[in-house]
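Student:
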Amino acid sequence: MRVNPNPMPDLLAALNQTQLEEQQAELQISTGKSVNQPSDNPTAAALLVENNDEATFNSGYLQSMSAVQGQLSAADSTLSSVTTALQQALSLGVEAGGGTLSDSDRAAIAVQLQGIQSQLVSLANTTYQGNYLFAGTDTNTAPFVVDNTVPSGVGYVGNTDVNHVSAGSGYKLAVNLPGSQLFSATGNDVFLALNNLIQSVQTNTGIGAAVNSVSAASSYLSAQRVFYGNAMDQVESQTTYLNTAQLQISQQQNTLGGVDMAAAASNLAQAQTDSQAALAAIGKFSQNNLFDYLT
Amino acid sequence: MSGLFGTLSVALTGLSVSQQEMEATSNNVANANTPGYTREVPVVAAGDPVEVGSLSVGTGVVLQKIEGLRDPMLLIQINQATQQNSALNASLAQLQQIQTQFASSTSGIGADISNFFNSLQQLSPDPSNLTLRQSVLTAADTLATDFNTAAQNLQTQSNNIDQNVVQSVSQVNGLTSQIASVDQQISNLQSVNQNPGTLVDKQNTLIQQLSGLIDVQVIPTDQGITLATANGTTLVSGSQSFALTTQASGGVQHIFSGSLDITSSLTGGSLAGLIQVRDHEIPSISSSLDQLAAGLATNLNAANTKGFDLENPPAQGGNIFAPTPASGVGAAATLTVSITDPSLIAASSDGTVGSNGNLANLSAIANTALANGQTPINAYSNLVGQVGSATAITSADADSSNLILQQLQDQNGSVSGVSLNEEASNLIQYQNAYQAAARVVSTVNLLLLDAVNLGMDAAEA
Numbered sequence: 000m001r002v003n004p005n006p007m008p009d010l011l012a013a014l015n016q017t018q019l020e021e022q023q024a025e026l027q028i029s030t031g032k033s034v035n036q037p038s039d040n041p042t043a044a045a046l047l048v049e050n051n052d053e054a055t056f057n058s059g060y061l062q063s064m065s066a067v068q069g070q071l072s073a074a075d076s077t078l079s080s081v082t083t084a085l086q087q088a089l090s091l092g093v094e095a096g097g098g099t100l101s102d103s104d105r106a107a108i109a110v111q112l113q114g115i116q117s118q119l120v121s122l123a124n125t126t127y128q129g130n131y132l133f134a135g136t137d138t139n140t141a142p143f144v145v146d147n148t149v150p151s152g153v154g155y156v157g158n159t160d161v162n163h164v165s166a167g168s169g170y171k172l173a174v175n176l177p178g179s180q181l182f183s184a185t186g187n188d189v190f191l192a193l194n195n196l197i198q199s200v201q202t203n204t205g206i207g208a209a210v211n212s213v214s215a216a217s218s219y220l221s222a223q224r225v226f227y228g229n230a231m232d233q234v235e236s237q238t239t240y241l242n243t244a245q246l247q248i249s250q251q252q253n254t255l256g257g258v259d260m261a262a263a264a265s266n267l268a269q270a271q272t273d274s275q276a277a278l279a280a281i282g283k284f285s286q287n288n289l290f291d292y293l294t
Numbered sequence: 000m001s002g003l004f005g006t007l008s009v010a011l012t013g014l015s016v017s018q019q020e021m022e023a024t025s026n027n028v029a030n031a032n033t034p035g036y037t038r039e040v041p042v043v044a045a046g047d048p049v050e051v052g053s054l055s056v057g058t059g060v061v062l063q064k065i066e067g068l069r070d071p072m073l074l075i076q077i078n079q080a081t082q083q084n085s086a087l088n089a090s091l092a093q094l095q096q097i098q099t100q101f102a103s104s105t106s107g108i109g110a111d112i113s114n115f116f117n118s119l120q121q122l123s124p125d126p127s128n129l130t131l132r133q134s135v136l137t138a139a140d141t142l143a144t145d146f147n148t149a150a151q152n153l154q155t156q157s158n159n160i161d162q163n164v165v166q167s168v169s170q171v172n173g174l175t176s177q178i179a180s181v182d183q184q185i186s187n188l189q190s191v192n193q194n195p196g197t198l199v200d201k202q203n204t205l206i207q208q209l210s211g212l213i214d215v216q217v218i219p220t221d222q223g224i225t226l227a228t229a230n231g232t233t234l235v236s237g238s239q240s241f242a243l244t245t246q247a248s249g250g251v252q253h254i255f256s257g258s259l260d261i262t263s264s265l266t267g268g269s270l271a272g273l274i275q276v277r278d279h280e281i282p283s284i285s286s287s288l289d290q291l292a293a294g295l296a297t298n299l300n301a302a303n304t305k306g307f308d309l310e311n312p313p314a315q316g317g318n319i320f321a322p323t324p325a326s327g328v329g330a331a332a333t334l335t336v337s338i339t340d341p342s343l344i345a346a347s348s349d350g351t352v353g354s355n356g357n358l359a360n361l362s363a364i365a366n367t368a369l370a371n372g373q374t375p376i377n378a379y380s381n382l383v384g385q386v387g388s389a390t391a392i393t394s395a396d397a398d399s400s401n402l403i404l405q406q407l408q409d410q411n412g413s414v415s416g417v418s419l420n421e422e423a424s425n426l427i428q429y430q431n432a433y434q435a436a437a438r439v440v441s442t443v444n445l446l447l448l449d450a451v452n453l454g455m456d457a458a459e460a
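If you want it as structure tokens, here you go:
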């Protein structure tokens, strides 16, 4: 059978092919990616878009968890100070009800209690990064105002709304309790209890009952404060979860689009060998023909 | 005819035929690297014998013709393979350019969508924070700009293809008119019984070039050849060629044969590949981008109007993006963020500054099926997969088409290519034949001398 006397186009095509393989292997090694164009692996390229979305959201959740953690711990430590102040008020109340004090001593205690009352108003109006922590969602206005027209002497002008922040896909966390629920709950109004105690001390009547009310309001507030402790626990465990997820997401990314360096290096070596073989074949190709032997 | 003179004339036919054979060999060697050249072989036969008495005596050798060795079926197959190959390679080059826009998973529209929704998530713990609000607007701007860029790049590419189509059509016209004029020359030579071999080669080469541009079928007729496209449009009929024209139609250049629009009926050649990308791939990608841009803008706008902004007094939220065209067409190219004041993001569900209730409505769009039934990120990731598949499939098809064409050309080379070894061996044969014939002539000459000089020593005569 007669063969094609000009194999040069075939040889060049083969050389082209080996050089293409060489380039691809080099690209994979230099970028560390096996999917450098969607056509390298269309399915993986599509999944990598979703993987990047998951990675973005996951690190986004982590970032907002740390912001939420700041808010929660600011609120929690404020409430801790409130509890301390109330403990102080209770001891003062017990002292005033002891029956051995003079009127002027009780008056002095009443002044101290008034001081605690203003301290509580100020604590209840604590801000974190410019936002009132206990105003519901009305965070740019001080929620508790001194108001002598109401029995407790302190009015609540915030609202009762609660904000939620996503802590993960489909997982929302409440991040605040409205001040009204903490400080001025019906039956457990901290300010009312304290105001009553002040009046009882001033008039020296019913101090014991007033102390009990303050104690009850304080216990109620402590019970409410558990919300923040729980929320911080949830944030912490969610942060641990998100960090694990982050690892899985980046492992998945590597599985989808990463390069097996050992394989890529061996591909490159193979392609280089092939390429040199093709070059050698072209260089050596039939420099002789029968004409050379004619004399 | 017989006798010494008869022998002499037989020897002469040997001399002249050997010489002509060597000429053919020489021409083959000279054209060994000429593209499209078909090797030519002399076809010789013994001369008709004459009857001398009861004997039949040969009259030497006759050169019947110089024949080009070509396989017409193979040439047709090569043309068809060239048409398919050129269409695939033209598509592939364009698709590879398109897919670079969709190459990165960590930047571009997909990442922009993720980043935008993440900026809403960052705003939710501190919804009145102006810095965080500004980040939302910046993310929205980046998203809009990347949509614009992607849509504009596709449009630019479509325009470039358009120019390419116009140029290709003028190349087609140039080639068809050359083919027609070569056809005229061929029939002129044939009418005087001459060998049109090299002209046929030239015509075949031109038809192969034409096959690179457009699908053509070669129909041999008595009046030369007819070239027609797959849908029957005649490009060449004998010595006459029919030019194609281009005309803008629906924003792109269409190809006309007379008044007939043949744009969508082309099946091969680079024109078919270009038109496939320009009229199918690019519009499909553009429309997916438009749907996505319009879906995002419309839904985010609607969500924003459900809440309240950070103005004093708080007002009901308005649009974040300028409303996209109702048809959706051009939504990606024109997507713009219509607000510059970060306080206009309606994070609040009740008008209080600390409320983040409406951010949930805005964030929910990330998981909402838009007009095409997919969440924004799924829609984009599908588009990436779609562009990648189209490119990968075309690339694989182009690879196998390259191999087919290469094999056919190998096969054609084995029929028509000039082999220097073969020519050298022929040359030896022809040279030997020539030398032998020359020796016969000189021998006859001596014999004649002997006869004419009646026994005188030839050397003395």
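Line by line, the protein sequences give chains A and B. First residue of the first sequence: 0, per numbering that gives the first Met the number 0; consecutive thereafter. First residue of the second sequence: 0, per numbering that gives the first Met the number 0; consecutive thereafter. Ideal placement from N, C-alpha and C gives every residue a C-beta, glycine not left out.
(1) Distance, Cα to Cα, arginine 1 of chain A vs serine 418 of chain B?
(2) Does the separation of the CB atoms of threonine 351 of chain B and threonine 136 of chain A fall below 7 Å?
(3) Are phenylalanine 146 of chain B and alanine 292 of chain B closer than 7 Å when you measure CB to CB?
(4) Please classify serine 380 of chain B as buried or exposed, where buried requires at least 16 other C-beta atoms within 10 Å of its C-beta.
(5) Between which two residues does the alpha helix (DSSP H) harbouring alanine 73 of chain A extend?
(6) What number of angstroms, rounded off, separates the C-alpha of asparagine 211 of chain A from the C-alpha of aspartate 104 of chain A?
(7) Taking just the CA atoms, how far does leucine 136 of chain B sit from glutamine 252 of chain B?
(8) Express the C-alpha separation of glutamine 184 of chain B and methionine 0 of chain B in angstroms, rounding to a whole number.
(9) Starting from lysine 64 of chain B, trace the beta strand (DSSP E) in both directions and tell me its first and last residue.
(10) Counting contacts by CB-CB distance shorter than 7 Å, is serine 183 of chain A in contact with chain B?
(11) Taking 7 Å as the cut-off, decide whether the C-beta atoms of alanine 44 of chain A and valine 383 of chain B are in contact.
(12) Can you tell me where the beta strand (DSSP E) with glycine 223 of chain B in it begins and where it stops?
(13) Within 10 angstroms of the Cβ of glutamate 49 of chain A, are there 16 or more other Cβ atoms? Answer buried if so, exposed if not.
(14) Going along chain A in order, which residues have a C-beta closer than 7 Å to the C-beta of tyrosine 379 of chain B?
(15) Determine the DSSP secondary structure at asparagine 35 of chain A, reduced to helix, strand or coil.
(16) Please state whether the Cβ-Cβ distance between threonine 266 of chain B and valine 165 of chain B is less than 7 Å.
(17) Excluding five sequence neighbours on each side, which residues of the same chain lie with their C-beta closer than 7 Å to the C-beta of threonine 327 of chain B?
(18) So, with DSSP's three-state summary, where would you put serine 168 of chain A?
(19) Do phenylalanine 290 of chain A and alanine 23 of chain B have their beta-carbon atoms positioned less than 7 Å apart in this structure?
(20) Tyrosine 155 of chain A and serine 121 of chain A look like a contact to me (Cβ under 8 Å); what is the Cβ gap, rounded to whole Å?
(21) Take alanine 222 of chain A as the anchor and find which of A:Gly207, A:Thr243 and A:Leu181 has the nearest alpha-carbon.
(22) Please report how far the alpha carbon of valine 234 of chain A lies from the alpha carbon of glutamine 247 of chain A, in whole angstroms.
(23) For alanine 325 of chain B and alanine 296 of chain B, I'd like the C-alpha separation in whole angstroms.
(24) Report buried or exposed for phenylalanine 133 of chain A, applying the criterion of at least 16 other Cβ atoms within 10 angstroms of its Cβ.
(25) Name the chain B residues whose beta carbon is nearer than 7 Å to that of glutamine 62 of chain A?
(26) Decide if aspartate 232 of chain A is buried, meaning its Cβ has at least 16 other Cβ atoms within 10 Å, or exposed.
(27) Among A:Gln252, A:Leu278 and A:Asp259, whose alpha-carbon lies nearest the alpha-carbon of threonine 42 of chain A?
(28) Given alanine 123 of chain A, which residues of its chain have a CB within under 6 Å of its CB, disregarding the five upstream and five downstream residues?
(29) May I ask you to verify whether the region 159-177 of chain B touches the region 266-282 of chain B, counting CB pairs closer than 8 Å and requiring at least 3?
(30) Compare the C-beta of proline 177 of chain A with all C-beta atoms of chain B and state if any pair is closer than 7 Å.
(31) Taking threonine 141 of chain B as the query, report the chain A residues whose CB atoms sit under 7 Å from its CB, ordered along the chain.
(32) DSSP three-state label for threonine 159 of chain A, please.
(33) I believe asparagine 243 of chain B touches serine 256 of chain B by the beta-carbon criterion, under 8 Å. Please report the beta-carbon distance rounded to the nearest angstrom.
(34) Which residue from B:Ser55, B:Ala29 and B:Pro124 puts its Cα closest to that of methionine 341 of chain A?
(35) Would you verify that the beta carbon of alanine 460 of chain B is, or is not, closer than 7 Å to some beta carbon of chain A?
(36) Pull the bridge partners of leucine 259 of chain B from the DSSP assignment, please.
Tutor: Walking through what the data contain:
(1) 9 Å
(2) yes
(3) yes
(4) buried
(5) 41-95 is the extent of the alpha helix (DSSP H) around alanine 73 of chain A.
(6) 21 Å
(7) 40 Å
(8) Unreliable placement is indicated for methionine 0 of chain B, whose pLDDT of 48 sits below 50; the coordinate value is still reported in the next sentence. Straight-line Cα distance between these residues: approximately 41 Å.
(9) 60-67
(10) no
(11) yes
(12) 223-227
(13) buried
(14) Val48
(15) coil
(16) In terms of Cβ geometry, threonine 266 of chain B and valine 165 of chain B do not form a close pair [threshold 7 Å].
(17) According to the sequence provided, residue 327 of chain B is glycine. The question's threonine does not apply to it. Cβ within range, chain order: Asp289, Gln290 and Ala293.
(18) coil
(19) no
(20) No, tyrosine 155 of chain A and serine 121 of chain A are not in contact; Cβ-Cβ is about 15 Å, not under 8 Å.
(21) Looking at A:Gly207, A:Thr243 and A:Leu181, the one whose alpha-carbon comes closest to that of alanine 222 of chain A is A:Leu181.
(22) 20 Å
(23) 12 Å
(24) buried
(25) Gln121
(26) With fewer than 16 Cβ atoms within 10 Å of its Cβ, aspartate 232 of chain A is classed as exposed.
(27) A:Gln252
(28) Phe133, Phe143, Gly178 and Phe182
(29) Counting Cβ pairs under 8 Å, three or more are found: they touch.
(30) No, proline 177 of chain A lies away from the interface with chain B (no Cβ there is under 7 Å from its Cβ).
(31) Ordered by position in chain A, no residue passes the 7 Å Cβ test against threonine 141 of chain B, which lies about 13 Å from the chain.
(32) coil
(33) Here the sequence assigns leucine to residue 243 of chain B, which means asparagine is not the residue at that position. Confirmed, Cβ separation roughly 6 Å.
(34) Summary: the structure shown does not reach residue 341 of chain A, with chain A confined to residues 0 through 294, and so no result is reported for it.
(35) Reliability of the predicted coordinates at alanine 460 of chain B is poor, the pLDDT of 41 falling under 50, and the value obtained from them is presented with this limitation in mind. Alanine 460 of chain B does not count as touching chain A.
(36) Answer is B:Ser256.
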